[in-house]
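Note that the protein sequences, when read in sequence, are chains V and B. The numbering of the first sequence is this note's numbering, which starts it at -4 and goes up by one. The numbering of the second sequence is this note's numbering, which starts it at 304 and goes up by one. Comments concern the structure below.
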Amino acid sequence: MRDFRNGMRDGLPIALGYVSVSFTFGLMAVSAGMNWWQAVLISMTNVTSAGQFAGLDIMVAGGTLVEMALSQFVINLRYALMSLSLSQKVDQTIHTIYRFVVGFGVTDEIFAVAMSRKKKVSRYYMFGLIAVPYFGWAGGTFAGAVLGGVLPEIVRSSLGIAIYGMFLAIIIPKAQEDFRYMKVILIAVVLSCCFKWLPVLNRLSSGFVIIICAVAASAAGAFFYPIVEEERKGAEK
Amino acid sequence: MEITKFFQYLIVMAGVTYVIRAVPFVLCKKEITNRFLRSFLAYVPYAVLGAMTFPAIFYSTDGYLAAVAGTVTALILAFLRKGLLSVAVGACIAAFLVNII
């Protein structure tokens, strides 16, 4: 039980950050024509920021299910890597059955906090660490979907930039600390701008654009600037 | 949007996301050793977020100037290593201020 409380305590700051972003998600989903319960249901079943915003775009644009599956696969592929690392970090209290549950709650921030613990983590710790941000994510979506409408248009419009601010807060520090990441990010950004602004290319839907940009930039990065094993181990500690 | 269409999207979206997260966690007790694949997977999140942010951030709020003000503010705060919440809120405030002028 003590582990559960520790997990909840560590999850609280994550939850606060999630509330602001999921509020924007709820607001955007409703202004795109969805019901509040649809927005909340998406948040409760997905628990992913970038994936949900991209998924919402595809739903609103009436994209195909293949496009939806592919875009979620590429955008959320990073979770596979995190789950792999996390599977080495959990102790023996996490039996296979609990792995099905904990696996559901792997997000960038939850992963980062769990990995920063000195010792291995128990299932109770993981449950606490996931529960608080999960309710923050779902609750923030609900608040945004229901209350978003009463906000003046100018405030709603200004909130649209929140998610991108959060993305910048994730990628900029990494780019500063390691120039290989900066190069990969720049390749992705330049490609993405080309798909938006160049004729012919700009006919492609946004879901596919993200897939193409991310795969091309990451493959170029892995080919030209591979990350060697010793560094990675050092970075994980 | 039709309800059936919504649930089709939802099932595909949530299903793919869950499988990606849970399957490696449940099945893989060993780590991936292939260097290309490891590097690729390490770069993916940053490439995804970069491609999602630009140029979409410039269209994220009414008024191009407000978007640029929000972007510059977010970039500065992120360079100063402020947390996720501070950067997101800072960008919103900057965009809001330009919007009301």
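Quick reminder that beta carbons are idealized off the backbone N, C-alpha and C, glycines included.
Compare the C-beta of residue i with all C-beta atoms of chain B and state if any pair is closer than 9 Å.
| i | result |
| --- | --- |
| V/K115 | no |
| V/A217 | yes |
| V/S153 | yes |
| V/G98 | yes |
| V/N1 | no |
| V/S78 | yes |
| V/G50 | yes |
| V/G12 | yes |
| V/R118 | no |
| V/I125 | no |
| V/E95 | Per the sequence shown, residue 95 of chain V should be read as Phe rather than Glu. Answer yes: the Cβ-Cβ gap between V/F95 and chain B drops below 9 Å somewhere. |
CA-CA distance, residue i and residue j?
| i | j | result |
| --- | --- | --- |
| V/Q67 | V/S200 | 14 Å |
| B/T320 | B/A397 | 34 Å |
| V/R4 | V/A211 | 39 Å |
| B/E305 | V/M54 | 11 Å |
| V/F238 | V/E172 | Here chain V comprises residues numbered -4 to 232, so residue 238 of chain V is not present and cannot be evaluated. |
| B/Q311 | V/L60 | 8 Å |
| B/K385 | B/A377 | 9 Å |
| B/L368 | V/G160 | 16 Å |
| B/A394 | V/V184 | 19 Å |
| V/L196 | B/I360 | 19 Å |
| B/T364 | V/A133 | 24 Å |
| V/L181 | V/T91 | 40 Å |
| V/E231 | V/S17 | The predicted position of V/E231 is uncertain, since its pLDDT is 45 and thus under 50; a value taken from the coordinates is nonetheless stated next. Going from the Cα of V/E231 to the Cα of V/S17 covers about 28 Å. |
| V/Y119 | B/A325 | 18 Å |
| V/E225 | B/P358 | With a pLDDT of 49 at V/E225, under the threshold of 50, the modelled position of this residue cannot be trusted; read the value that follows with caution. Cα to Cα, the separation comes out at about 35 Å. |
| V/S15 | B/L383 | 21 Å |
| B/L352 | B/I404 | 30 Å |
| V/G155 | V/F219 | 36 Å |
| V/P194 | B/Y362 | 18 Å |
Could one say the Cβ of residue i lies closer than 9 Å to chain V's Cβ atoms, at least one of them?
| i | result |
| --- | --- |
| B/Y367 | no |
| B/T374 | yes |
| B/T307 | no |
Ordered along the chain, which non-local residues of its own chain (more than five positions away) have a Cβ less than 7 Å from that of residue i?
| i | result |
| --- | --- |
| V/V116 | K84, V85, D86 and A109 |
| V/S78 | G98 and V101 |
| B/M355 | none |
| V/G229 | Because V/G229 carries a pLDDT of 48, less than 50, the predicted location of this residue cannot be relied on, and no value is offered for it. |
| B/V390 | A377, L380 and A381 |
| V/C189 | L196 |
Between residue i and the rest of its own chain, which residues show a CB-CB distance below 6 Å, the 5 nearest in sequence each way excluded?
| i | result |
| --- | --- |
| V/A10 | V127, P128 and G131 |
| V/Y176 | K169 and A170 |
Can you list, in chain order, the residues of its chain whose CB lies under 8 Å from that of residue i, leaving out five sequence neighbours each side?
| i | result |
| --- | --- |
| V/I205 | A49, S66, V69, I70 and S187 |
| V/W31 | G21, V25, F137, A140 and V141 |
Could you check where the alpha helix (DSSP H) with residue i kicks off and where it finishes?
| i | result |
| --- | --- |
| V/M177 | F174 to W192 |
| V/S153 | E148 to L154 |
| B/F310 | I306 to L330 |
| V/Q47 | S44 to A56 |
| B/V375 | Y367 to F382 |
Does the Cβ of residue i lie closer than 8 Å to at least one heavy atom of the ligand ADP?
| i | result |
| --- | --- |
| V/A49 | With respect to the ligand ADP, the structure offers nothing, as it holds no ligand at all. |
Against residue i, what residues of chain C qualify as contacts under a CB-to-CB distance less than 8 Å, listed in chain order?
| i | result |
| --- | --- |
| V/F68 | Within the model displayed, chain C is absent; protein chains V and B are what it includes. |
Contact residues within the region 32 to 47 of chain V, judged by C-beta distance below 7 Å to chain B: When C-beta distances to chain B are compared with 7 Å, the residues of the region 32 to 47 of chain V below that value are Q33, L36, I37, T40, N41, T43, A45 and G46, in chain order.
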